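Numbering (our numbering), first residue to last: 492 to 667. Have a look at the structure below, then the notes.
Structure follows, in structure tokens:
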């Protein structure tokens, strides 16, 4: 749909933050992948001291992951250690090793609607429950003709923040 978007190259300069109906609150997670999550755990848990929380497996997503945490309370950050169930199938959660970054969003449906109108390309699947129980969606790493704005090579997960996370970030903002 050529001509649908006004100068997407300079979109970030043209949009004021007051017109954006959502806010990115902070980092919810980072996800790293490898062929052997035991090696990942050795580094992230045994060496760095992150806390193991639980495991998650999805045949559809070709992932066997350990969900670990840094920090405490509503501001803790997940570090997902992922290995493919079948290294010969897609998606290959180990390529690239930094698989994706998750961001807390205060109003996920409003964010998706607004970002779509700006020309942002999302991956298939829409808003759906994620491994940690929060609603999620992903911004595609690359734009295309119909939706020219991608996340420039990094898969970005948008995560609906629960009220306790929204409140915690609001408290920090007021104190600052």
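All residues carry an ideal CB built from backbone N, CA and C; glycine is no exception. In this text, all values refer to a predicted model and were calculated from it rather than measured experimentally.
- Scanning 663, 562, 659, 548 for the CA closest to the CA of residue 540 turns up 562.
- For residue 638, there is no enclosing alpha helix (DSSP H), as DSSP gives it neither H nor E.
- In the DSSP assignment, residue 658 falls within the unbroken alpha helix (DSSP H) covering 654 to 666.
- Around residue 635, the same chain offers 612 as residues with beta carbons nearer than 7 Å, after the five sequence neighbours per side are excluded.
- Taking the CA atoms as reference points, residue 656 sits about 17 Å from residue 570.
- Minimum Cα-Cα distance from residue 573 among the listed residues 566, 536, 622, 556 corresponds to 556.
- When the Cα atoms are used, residue 618 and residue 601 turn out to be separated by approximately 11 Å.
- Taken through DSSP and simplified to helix, strand or coil, residue 541 comes out as coil.
- Here DSSP, grouped into helix, strand and coil, assigns residue 513 to coil.
- The beta carbon of residue 566 lies closer than 6 Å to those of 659 in the same chain, with the five residues before and after it left out.
- Within the DSSP bridge table, the entry for residue 548 names 555 as partners.
- Between the region 616 to 632 and the region 526 to 538 there are fewer than three C-beta pairs closer than 8 Å, too few to call the two in contact.
- Between residue 597 and residue 652, the CB-CB gap stays under 8 Å.
- Within 10 angstroms of the beta-carbon of residue 545 lie fewer than 16 other beta-carbons, which makes it exposed.
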